[in-house]
């Protein structure tokens, strides 16, 4: 199984890339995790947010390989603690498909992405900055994997 993280936004600060890379490099070869970045639409004073969201959604869905399980990160999704995420990870492996996790832009995800989603996951009831979500997601996935492997990281 491969895990793809599709995120709106490019040109992240160095601390974000460093944090994400730290966890992604720890995954074993049989569970690669990789990012696909989607360019955010231009937002200005008179921006057509619906049109921007729809375009971002089209790009996100086009970036997902055919047959992948789609999981959206949404405030209204189900909150998963680490043991639950570890069970989800095992369940995804048993499903036999690759997984694409979608992180929206400032206004969230396009309706088309939400409609394509098979699962909705909430990292927090808080509104989190999108760069920070990338690090939290990478670390959470790594921690969940470590639980499934009885690796000592999850006990730190």
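Residue numbers (our numbering): 21 to 176.
Even glycine gets a Cβ: it sits at the ideal position worked out from N, Cα and C.
Measure the C-alpha to C-alpha separation of residue 111 and residue 161 and round it to an integer number of angstroms. 13 Å
Looking at the structure shown, is residue 39 part of a helix, part of a strand, or coil, going by DSSP? Helix.
Residue(s) in a DSSP beta bridge with residue 57: 27
Would you check if the distance between the CB atom of residue 77 and the CB atom of residue 141 is smaller than 8 Å? no
Assess, as a yes-or-no matter, whether the region 132-146 is touched by the region 28-45 under the definition of 3 or more beta carbon pairs within less than 8 Å. Because the criterion of three Cβ pairs below 8 Å is not met, the region 28-45 and the region 132-146 do not touch.
Kindly indicate which three-state DSSP category residue 147 falls into: helix, strand or coil? coil
If you check the beta carbons only, do residue 26 and residue 122 fall under 8 Å apart? yes
CB of residue 163 within 8 Å of CB of residue 102, strictly: yes
Considering Cα atoms alone, identify which of 72, 57 and 58 is closest to residue 64. 72
Do residue 120 and residue 84 count as a contact pair if the criterion is CB distance below 8 Å? Cβ atoms of residue 84 and residue 120: closer than 8 Å.
Taking C-alpha atoms, which residue in 22, 24, 21 and 30 lies nearest to residue 150? 30
Quick check for students: name the residue ranges of the alpha helix (DSSP H) that lie wholly in the region 117-142, counting only runs of 4 or more. 131-136
Taking C-alpha atoms, which residue in 28, 165, 51 and 126 lies nearest to residue 57? 28
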